[in-house]
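S.K.: For the sequence shown, this note's numbering begins at 364 and goes up steadily by one. Glycine included, each C-beta is placed from N, C-alpha and C at the ideal position. Values in this document were obtained by computation on a predicted structure and should not be read as measured data.
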Amino acid sequence: MRVRVSVWVASACLLAVCIALGVAVRMDAPFALALNEGVRSLAFGMHGGLDGFVVAITQLGDPVVITLTCLAFAIALAAFRRRREALLFACCFVVSAVVAHGLKLAFGIERPQGPLLVDLPHSASYPSAHACCVLAAYGCAGLTLVAAAKTERGKRIGWAAFAVLMILAMLVGLSRIYVGVHWPTDVLGGFMLGAAVLLPFAYLLKEEPADPKYDLEGQ
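#1: So is Trp371 buried or exposed if we call it buried at 16+ other beta carbons inside 10 Å?
#2: Taking the alpha helix (DSSP H) that Ile530 falls in, what are its first and last residues?
#3: If the criterion is Cβ atoms closer than 7 Å, does the pair Val509 and Thr421 meet it?
#4: Would you tell me roughly how many angstroms separate the C-alpha atoms of Thr514 and Ile520, rounded to the nearest one?
#5: At the level of alpha carbons, what is the spacing between Ala558 and Ala494?
#6: By Cβ distance, which residues of its chain are closer than 6 Å to Ser486, with the 5 residues on each side in sequence left out?
#7: Give the secondary structure of Gly412 by DSSP, where H, G and I count as helix, E and B as strand, and everything else as coil.
#8: Nearest CA to the CA of Leu440: which residue from Gly424, Val418, Ser374 and Gly505?
#9: Kindly indicate which three-state DSSP category Tyr566 falls into: helix, strand or coil?
#10: Determine the extent of the alpha helix (DSSP H) in which Tyr610 is found, giving its start and end residues.
#11: Between Ala573 and the rest of its own chain, which residues show a CB-CB distance below 7 Å, the 5 nearest in sequence each way excluded?
#12: Exposed or buried, Leu483, counting other C-beta atoms within 10 Å across all chains shown (16 or more means buried)?
#13: Return the residue from the list Trp546, Ala460 and Arg367 that minimises the CA-CA distance to Gly477.
#14: Can you check which of these residues, Arg389, Phe456 and Cys496, is closest to His532 by C-alpha distance?
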């Protein structure tokens with residue numbers, strides 16, 4: 364019971380900090396302005412040979428790409444009789460997208476202006492939906508693989524996949540600053556929001572073990 368309460372408290376705290384940061388950005392708080400300008404200048408100073416790689420990374424968070432990827436993963440889970448995990452994963456992704464875009468509408472913060480490596484989206488800037496949705500979806504996918512494993516080798520594979528997916532999620536979020544379409548605070552807020560969404564689903568995956576007849580090794 365204490366663990367369950369702790370999960371919800373941690374999730375609520377992350378959401379509260381995300382909202383507080385959005386308010387600070389909206390009110391042009393000095394620390395937010397300094398952070399945004401400083402990190403953006405550093406990112407723009409790195410433009411050059413990495414541009415193509417970063418643009419490719421940022422496309423992993425494109426709404427169409429991530430939706431199709433998550434749909435394929437959910438279908439694969441269902442095909443292996445992991446219907447509960449498929450439902451949790453799909454809900455995690457949908458909730459992250461709805462909450463992120465809901466906060467975008469609530470804050471209405473304008474996108475940054477300046478050198479762009481990709482087209483500027485029409486939606487508001489804070490929080491970054493790319494950062495939020497990718498962290499929540501990729502994190503949930505990795506934890507689903509861990510929950511599905513019933514052998515030590517399978518769990519090691521799952522945790523390795525989780526680590527790789529989380530690193531990839533971080534790169535996608537940071538790429539949004541590099542390509543010029545988000546403020547650093549947008550990405551920071553998106554990461555916090557994604558973590559706030561992920562925590563309850565991570566608990567649910569751990570609380571109810573997957574069917575032992577199926578694991579990562581097909582045993």
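M.R.: The structure says:
#1: Under this definition Trp371 is an exposed residue.
#2: Run containing Ile530: Glu515 to Tyr541, per the alpha helix (DSSP H) assignment.
#3: No, these two residues do not count as a Cβ contact at 7 Å.
#4: Pairing Thr514 with Ile520, the inter-Cα distance amounts to about 10 Å.
#5: Between Ala558 and Ala494, the C-alpha separation is close to 10 Å.
#6: The beta carbon of Ser486 is closer than 6 Å to those of Lys467 in its chain, skipping five residues each way along the sequence.
#7: Correct three-state label for Gly412: coil.
#8: Its Cα nearest to that of Leu440, the residue Gly505 stands out among Gly424, Val418, Ser374 and Gly505.
#9: If DSSP states are grouped into helix, strand and coil, Tyr566 belongs with the helices.
#10: It is not possible to answer for residue 610, since the shown part of the chain is limited to 364 through 582.
#11: Here Ala573 scores only 44 on pLDDT, less than 50, and its place in the model should not be relied on; the value that follows carries that caveat. So the qualifying residues of the chain are Arg445, Glu448, Ala510 and Ala511.
#12: Per the 10 Å Cβ criterion, exposed.
#13: Nearest to Gly477 by C-alpha distance, out of Trp546, Ala460 and Arg367, is Trp546.
#14: The question names His, but residue 532 in the sequence shown is Ala. A check of alpha carbon separations from Ala532 across Arg389, Phe456 and Cys496 identifies Cys496 as the nearest.
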